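Protein sequence lines, in the order shown, are assigned to chains A and B. Heads up: the first sequence begins at 6 in my numbering, then just goes up one per residue. Heads up: the second sequence begins at -6 in my numbering, then just goes up one per residue. No residue lacks a Cβ here, since even glycine has one placed at the ideal position from N, Cα and C. Predicted, not measured: the structure shown is a model, and the values here were computed from it. What follows is a single structure, written as structure tokens, with notes after it.
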Amino acid sequence: MSTWLRNNRLAALAALAFALITASIALIFFYAPVDADGLNQKIFYFHVGIALTAYACFAWGGWKALRVLWKGDENADLESYVAIHQGVIFGALTLVTGSIWARYRWGHWWEWHEDQLVLFLVLFLFYAAYFMLRFSVPAGPRRANLSAVYALFGVALVPVSILAIRLSERFIHPVAFDRYGPNMAGSQFFTFCVSWAAMLTLAATLYNVELAGKRIDVRLRELREALR
Amino acid sequence: MMYLADVGALARKDLRLELRARDTLPAMLLFVLSTLVVFHFVLPGDSSELAAKGLLWVAIVFTALLGLSRAFAAEREQGVIDGLVLAPSDRSAIWVGKALSVLAFLVLAEVVALPAFALFFGGVDGPMVAGIALADVGIAAVGTLLAAMAAASRARELLLPLLFLPLAIPIIVGGVGASVTSDPGRYLGFLGLYDALFAIICWASFEYVVTE
């Protein structure tokens, strides 16, 4: 069993992600109670889980970037890139789900005083520029360094932007709403935790799939160079 | 002390080059003035003074971008950056020197732009000037590092605004807040925090941008 797991880590991870996502969908629709907001509150379980997963991806990318600069770890460059790529995908999903939720909750597709959503827009623009940077520098240690420095800027940008958006919000919109509040019912919190775990596992699976693909790509290119 | 002497020499080099060739500062001055004139036509006649103050920040950021895109032009075209990296001094001194010269250009452009703004639109006060001064430090610090990055890429000038604008959003939030609210202290403090945090990150990471 343990050797099978070691040889098929990716398959096991994918199976776990599938099981967790199935479980979370079942919990969301059949177990978690419908609260005062009605059915549209269900998207909360997807939206917040996806958003926190995007943060986790960015943090993982930042950690790997630090490894590039600090230890000169050559593998970490690709890992950092793939983590940020996943983070951008989940970040885009956060924007879409957040926008849908805002439409049904407040009647508009976009709410500037929804500070998490604005933060994700800033982060999305920032990390989109990360790809522009990466694709306009030839592969090599220089690119690894530049990407890593920019990824670390992202880690600093998150708390600074949160602070900035909070500051500006109090000025433009003195609206203090807490969306789900601290007094979430136990069953809701449990459902949320399961769906968050499902999203994290899904992200980890996608991360490993993409990483494996990119590594094969690099290896193939090396072999082609060697044959030339 | 050697470090400060290196920084001084590098900043002096940039200022002297500018004094002789005059290829960045006049462009920045002309750009910021024409932007202000454009703003007059952009704003409807009955718009509030606050809108003009907000647009001033657009002018400042884009003028800074104009200067920043030229910041490493000489180094790149003449291959100076290799010489600087090989010089027996700390690499971060290159960043400090360049950021100081960028800051000097930006402040000079604003020395012209702010009286012009007061003339065209009215209403320049103390907190606004303090906000602009603090924002300049952050723009010069972050912008110089990103300009060095952009100079190393193929896309060059095209890349710099894309890299810079998301990082400039907190500066704009702080600066606009300091200009238009009745309680600017909070925003000025935030700008100071931004400057300190990003200056430290840039100072520590510049070496990796110019070396392999």
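Using beta carbons (cut-off 7 Å, strictly below), is residue i in contact with chain B?
i: F131 of chain A; result: yes
i: A161 of chain A; result: yes
i: V199 of chain A; result: no
i: S85 of chain A; result: no
i: A134 of chain A; result: yes
i: V214 of chain A; result: no
i: V93 of chain A; result: no
i: V123 of chain A; result: no
i: V223 of chain A; result: no
i: P187 of chain A; result: Residue placement at P187 of chain A is poorly supported in this model, since its pLDDT is 44, which falls under 50; the coordinates are not used for a value here.
i: D120 of chain A; result: no
Applying the criterion that 16 or more other CB atoms from any shown protein chain within 10 Å of the CB defines a buried residue, is residue i buried or exposed?
i: A2 of chain B; result: exposed
i: I193 of chain B; result: exposed
i: K46 of chain B; result: buried
i: S192 of chain A; result: exposed
i: T99 of chain A; result: buried
i: E187 of chain B; result: For clarity, residue 187 of chain B is Tyr in the given sequence; the question names Glu instead. So Y187 of chain B counts as buried.
i: A134 of chain B; result: buried
i: V166 of chain B; result: buried
i: M204 of chain A; result: buried
i: D75 of chain B; result: exposed
i: G72 of chain B; result: exposed
i: G168 of chain B; result: buried
i: Y(-4) of chain B; result: exposed
i: K69 of chain A; result: buried
i: W111 of chain A; result: exposed
i: S198 of chain B; result: buried
i: A236 of chain A; result: Coverage of chain A is limited to positions 6 through 233, which leaves residue 236 of chain A absent and any answer about it impossible.
i: D219 of chain B; result: Only positions -6 to 205 of chain B appear in the structure, and residue 219 of chain B is not among them; the question remains open.
i: I162 of chain B; result: buried
i: Y109 of chain A; result: exposed
i: D7 of chain B; result: buried
i: W114 of chain A; result: exposed
i: H52 of chain A; result: buried
i: S175 of chain B; result: exposed
i: R171 of chain A; result: exposed
i: V101 of chain A; result: exposed
i: S7 of chain A; result: exposed
Give the interface partners of residue i over in chain A, defined as CB-CB distance under 9 Å, in chain order.
i: M142 of chain B; result: L138, V142, L151, V154, Y155
i: L29 of chain B; result: Result: empty, since nearest Cβ-Cβ is about 24 Å, beyond 9 Å.
Along chain B, which residues have their Cβ under 7 Å away from the Cβ of residue i?
i: L172 of chain A; result: V166, G170, R179, Y180, F183
i: L168 of chain A; result: F183
i: V127 of chain A; result: P159, I162
i: F63 of chain A; result: Here the premise fails: no neighbours, minimum Cβ distance about 13 Å.
Does the beta carbon of residue i sit closer than 7 Å to a beta carbon anywhere in chain A?
i: P159 of chain B; result: yes
i: L23 of chain B; result: no
i: P154 of chain B; result: no
i: I125 of chain B; result: no
i: A189 of chain B; result: no
i: A148 of chain B; result: yes
i: I87 of chain B; result: no
i: I194 of chain B; result: yes
Quick one: list the residues of chain B neighbouring residue i, beta-carbon separation under 8 Å, in chain order.
i: L74 of chain A; result: S198, Y201
Can you name the residues of chain A whose CB is closer than 8 Å to the CB of residue i?
i: F98 of chain B; result: Chain A residues near F98 of chain B: none, gap ~23 Å exceeds 8 Å.
i: P163 of chain B; result: L162, V165, S166, L168, A169
i: A145 of chain B; result: V142, R147, L151
i: E205 of chain B; result: G145, P146, R147, N150
For a contact meaning CB atoms closer than 9 Å, what does residue i contact in chain B?
i: F51 of chain A; result: Chain B residues near F51 of chain A: none, gap ~26 Å exceeds 9 Å.
i: F195 of chain A; result: Correct list: empty, because the minimum Cβ distance to chain B is about 36 Å.
Please go through the segment 28 to 105 of chain A and give each complete beta strand (DSSP E) segment of 3 or more residues, from N-terminal end onward. As far as the segment 28 to 105 of chain A is concerned, it has no whole beta strand (DSSP E) run of at least 3 residues.
In the segment 26 to 74 of chain B, which residue ranges form an unbroken alpha helix (DSSP H) of at least 4 residues, counting only runs that do not cross its ends? Counting whole runs of 4 or more residues, the segment 26 to 74 of chain B contains the alpha helix (DSSP H) stretches 42 to 62, 66 to 70.
Any chance you could list the alpha helix (DSSP H) runs of at least 4 consecutive residues sitting entirely within the segment 110 to 186 of chain B, in chain order? Complete alpha helix (DSSP H) runs here, min 4: 119 to 145, 152 to 173.
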